[in-house]
């Protein structure tokens, strides 16, 4: 049962990254593909009705973690306190900028909140990327599993590490680039006119730039955590998710080349899903490595709740998932198509 809930946890976190990640990317591109206030309102309108609902998946991920791996959540939330507090502030500021930015017709007011919106989205992409790098690299844990990380120490990847070092910064840069490309792909489907044209052109260049960076990250991962890649041939679920990622890359390239915007976004979604789930499958059963020599890693089996609790939880998780997917389908259908922003409704979603 612990393996099943490990997969569920990875799936829910991947869903959040895919859904809210396109908002991160659109926010980062806010001042790049939009050249005036009306064009920036077009980007806001493209994500405005959906951004808060996407965060439900992050809350759900936390709920699953509390239920299935309560000790893991206690250790991680105390150890990563600084980073999680920064994430919370970025989420709050992003929401405030979306809600109040368009309600006063003043250049200084809207420029300020547009700036806050861009910076908060960029920081969220960097922080989630660095978090993924931390999971792969590991942390310096005490024998009972407790740890506490400062932002950085000596930038080494072994011993008493901090939140940031050369490896986690590289993963953060790669994640930011991929999510920015994901956001550009989303904007090609939701916008029209100059914003659409700039987004489509930029999506191509960003995805092409991600290829060499992905190869670099793979090589760095081999240096930092060689057992992660050496065990892949013996993990069928990792291979399955790798095939999903490759299929997504093919669909993405085809969609961008032929102007099939929905296919491109589907491919981008599959690609990100595949990469994250491949990493999760390669990590299992480890949930967090320890960087100190001779120390034990945090194991999913040891950290999981009792089996009878995990079995009971399946009976509420399945209907909750079905309800969430149905709502996702309805709201995506309702807000499908190109956004139409005029000067009269530029501050409204």
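Residue numbers (my numbering): 658 to 1006.
Yeah, the Cβ is synthetic: ideal placement off N, Cα and C, and Gly gets one too.
Take the Cβ of residue i as the centre, count every other Cβ of all protein chains shown within 10 Å, and call the residue buried at 16 or more, exposed below.
i: residue 815; result: exposed
i: residue 824; result: buried
i: residue 615; result: Because the chain spans 658 through 1006 in this model, residue 615 falls outside it and cannot be assessed.
i: residue 908; result: buried
i: residue 1001; result: Because residue 1001 sits at a pLDDT of 46, beneath the cut-off of 50, its placement in the model cannot be relied upon, and the following sentence gives the value as read from the coordinates. Burial call: exposed.
i: residue 708; result: buried
i: residue 662; result: buried
i: residue 875; result: exposed
i: residue 674; result: buried
i: residue 980; result: exposed
i: residue 991; result: exposed
i: residue 818; result: buried
i: residue 951; result: exposed
i: residue 916; result: exposed
i: residue 984; result: exposed
i: residue 974; result: buried
i: residue 698; result: buried
What residue range does the beta strand (DSSP E) around residue i cover?
i: residue 932; result: Counting along the chain, residue 932 falls outside any beta strand (DSSP E), though it belongs to the alpha helix (DSSP H) covering 918-940.
Between residue i and residue j, which are expected to be in contact by the criterion C-beta below 8 angstroms, what is the C-beta distance as a whole number of angstroms?
i: residue 995; j: residue 849; result: 5 angstroms
i: residue 791; j: residue 681; result: The Cβ separation is near 18 angstroms, so there is no contact.
i: residue 700; j: residue 759; result: That belief does not hold up - the Cβ atoms of residue 700 and residue 759 are roughly 12 angstroms apart, past 8 angstroms.
i: residue 863; j: residue 703; result: About 17 angstroms; that fails the 8 angstroms criterion.
i: residue 1052; j: residue 929; result: Here the chain covers residues 658 to 1006 and nothing more, so residue 1052 does not appear.
Could you name the residues that DSSP lists as bridge partners for residue i?
i: residue 826; result: None, per the DSSP bridge assignment.
i: residue 809; result: 821
i: residue 955; result: 945
Thinking C-beta only, is residue j closer than 7 angstroms to residue i?
i: residue 921; j: residue 837; result: no
i: residue 925; j: residue 839; result: yes
i: residue 976; j: residue 956; result: no
i: residue 931; j: residue 905; result: yes
i: residue 820; j: residue 808; result: yes
i: residue 912; j: residue 775; result: no
i: residue 872; j: residue 939; result: no
Return the first residue and the last residue of the alpha helix (DSSP H) that residue i is part of.
i: residue 686; result: Neither: residue 686 is in no alpha helix (DSSP H) and is coded neither H nor E.
i: residue 792; result: 764-794
i: residue 945; result: No alpha helix (DSSP H) contains residue 945, which is instead part of the beta strand (DSSP E) from 943-945.
i: residue 756; result: 738-757
i: residue 715; result: 708-725
i: residue 975; result: 964-991
i: residue 898; result: 893-915
i: residue 854; result: 851-881
i: residue 696; result: 694-704
Would you say the beta carbon of residue i comes nearer than 6 angstroms to a heavy atom of the ligand NAD?
i: residue 686; result: You won't find the ligand NAD in this model; it holds no ligand whatsoever.
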